[in-house]
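These notes are about the structure you will find just below.
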Amino acid sequence: MTEAQPEAACLFCKIIQKKIPSLIVYEDDRALAFADISPQAPTHLLIIPKRHISRLADLQSGDEELMAHLFVVVQKLAKENGLLESGFRTVINSGEDAGQTVFHLHVHLMGGRVFEWPPG
């Protein structure tokens, strides 16, 4: 999917609408979290806002509370998956050059292995 495609064509919007099956691990009125279908770590979850925002660069004034909420969900899921002590990585890619392939804002939560730096 490219940036120009409308919300109706968005893969993650279809997951939110339950039109595409996914292993959902968390859901509330503002966010949804599910297992990545191509995991890069033993724990690899995607945390997304239910409201369609194409990329981090498209945030608007007023989105601060939503972004804070996404990271509270990250912390909750890290705890539930036993990652608080050993550590975990969060990643947000914004734009094609950064590696974003689905243009719906999402936070990768990865853990359960040792990560290298720089990441790539």
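For our numbering, count along the sequence shown from 1 and bump the result up by 433.
Backbone N, C-alpha and C fix where the C-beta goes; we use that ideal spot for every residue, glycine too.
How would you write the range of the beta strand (DSSP E) that residue i sits in, first residue to last?
i: His-541; result: 540 to 544
i: Ile-481; result: 476 to 482
At what residues does the alpha helix (DSSP H) containing residue i begin and finish?
i: Ala-501; result: 497 to 513
i: Cys-446; result: 444 to 449
Going by the DSSP bridge assignment, what does residue i pair with across the sheet?
i: Ala-464; result: Pro-482
i: Arg-522; result: Met-543
i: Ile-457; result: Phe-467
Do residue i and residue j have their CB atoms nearer than 9 angstroms?
i: Pro-482; j: Leu-542; result: no
i: Arg-484; j: Leu-499; result: yes
i: Ala-464; j: Val-458; result: no
i: Ala-531; j: Phe-521; result: no
i: Leu-492; j: Val-540; result: no
i: Val-507; j: Thr-523; result: yes
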